[in-house]
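J.:
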Amino acid sequence: DAEIASFAKAVSNAQLTVKDVNTLKVGFGAIGKECGNCHETYRQKDS
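For the sequence shown, the tail end lands on 385 under the numbering used here, and the numbers increase by one without skipping.
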(Lines of atoms letter the chains of each structure in order from A and count residues from 1; the text may use other names and numbers.)
(Lines give C-alpha, C1' and ligand atoms only; values in the text may rest on other atoms or scores of the structure.)
Protein backbone atom coordinates (compact mmCIF):
# COMPACT_ATOMS: atom_id res chain seq x y z
CA ASP A 1 0.00 0.00 0.00
CA ALA A 2 2.90 2.36 0.66
CA GLU A 3 4.10 1.90 -2.92
CA ILE A 4 0.67 2.79 -4.30
CA ALA A 5 0.47 5.87 -2.08
CA SER A 6 3.91 6.98 -3.26
CA PHE A 7 2.89 6.44 -6.90
CA ALA A 8 -0.35 8.39 -6.38
CA LYS A 9 1.61 11.26 -4.85
CA ALA A 10 3.98 11.36 -7.85
CA VAL A 11 1.01 11.45 -10.24
CA SER A 12 -0.69 14.17 -8.21
CA ASN A 13 2.49 16.25 -8.13
CA ALA A 14 2.86 15.88 -11.90
CA GLN A 15 -0.72 17.00 -12.45
CA LEU A 16 -0.02 20.15 -10.48
CA THR A 17 3.32 20.98 -12.09
CA VAL A 18 3.07 19.93 -15.74
CA LYS A 19 2.62 23.04 -17.87
CA ASP A 20 4.45 22.12 -21.08
CA VAL A 21 6.52 19.36 -22.70
CA ASN A 22 9.63 20.12 -20.64
CA THR A 23 7.84 19.91 -17.30
CA LEU A 24 6.05 16.79 -18.55
CA LYS A 25 9.43 15.12 -19.10
CA VAL A 26 10.44 15.86 -15.52
CA GLY A 27 7.12 14.70 -14.09
CA PHE A 28 7.07 11.56 -16.20
CA GLY A 29 10.52 10.60 -14.93
CA ALA A 30 9.30 10.74 -11.34
CA ILE A 31 6.22 8.67 -12.20
CA GLY A 32 8.33 6.12 -14.06
CA LYS A 33 10.62 5.74 -11.07
CA GLU A 34 7.63 5.02 -8.85
CA CYS A 35 6.33 2.44 -11.35
CA GLY A 36 9.69 0.73 -11.33
CA ASN A 37 9.64 0.33 -7.57
CA CYS A 38 6.96 -2.37 -7.86
CA HIS A 39 7.76 -3.73 -11.29
CA GLU A 40 11.36 -4.55 -10.39
CA THR A 41 10.13 -6.80 -7.60
CA TYR A 42 7.87 -8.84 -9.86
CA ARG A 43 9.91 -8.84 -13.06
CA GLN A 44 11.05 -12.26 -14.30
CA LYS A 45 14.76 -12.78 -13.70
CA ASP A 46 17.07 -13.86 -16.51
CA SER A 47 18.28 -17.40 -15.98
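Cβ atoms here follow ideal geometry from the backbone N, Cα and C, with glycine treated the same way.
Once the 5 residues before and after F345 are set aside, which same chain residues still bring their CB inside 6 Å of it?
T.: For the purposes of this step, residue 345 is taken as the residue at position 7 of the sequence shown. Result list for F345: E372, in chain order.
J.: So G365 and V356 are in contact, right, with Cβ under 8 Å, and what is the actual spacing, rounded?
T.: For the purposes of this step, residue 365 is identified with residue 27 of the sequence shown, where counting begins at 1. For the purposes of this step, residue 356 is identified with residue 18 of the sequence shown, where counting begins at 1. With 8 Å as the limit, G365 and V356 qualify as a contact, their Cβ atoms being about 5 Å apart.
J.: Roughly how many angstroms lie between the CA atoms of Q353 and K363, to the nearest whole one?
T.: Along the sequence shown, read from residue 1 onward, the residue named residue 353 stands at position 15. Along the sequence shown, read from residue 1 onward, the residue named residue 363 stands at position 25. Each residue's Cα considered, the two are about 12 Å apart.
J.: Flag this pair as yes or no: are the beta carbons of A368 and A348 separated by less than 8 Å?
T.: Position 30 of the sequence shown, counting from 1, holds the residue named residue 368. Position 10 of the sequence shown, counting from 1, holds the residue named residue 348. Contact flag set, yes.
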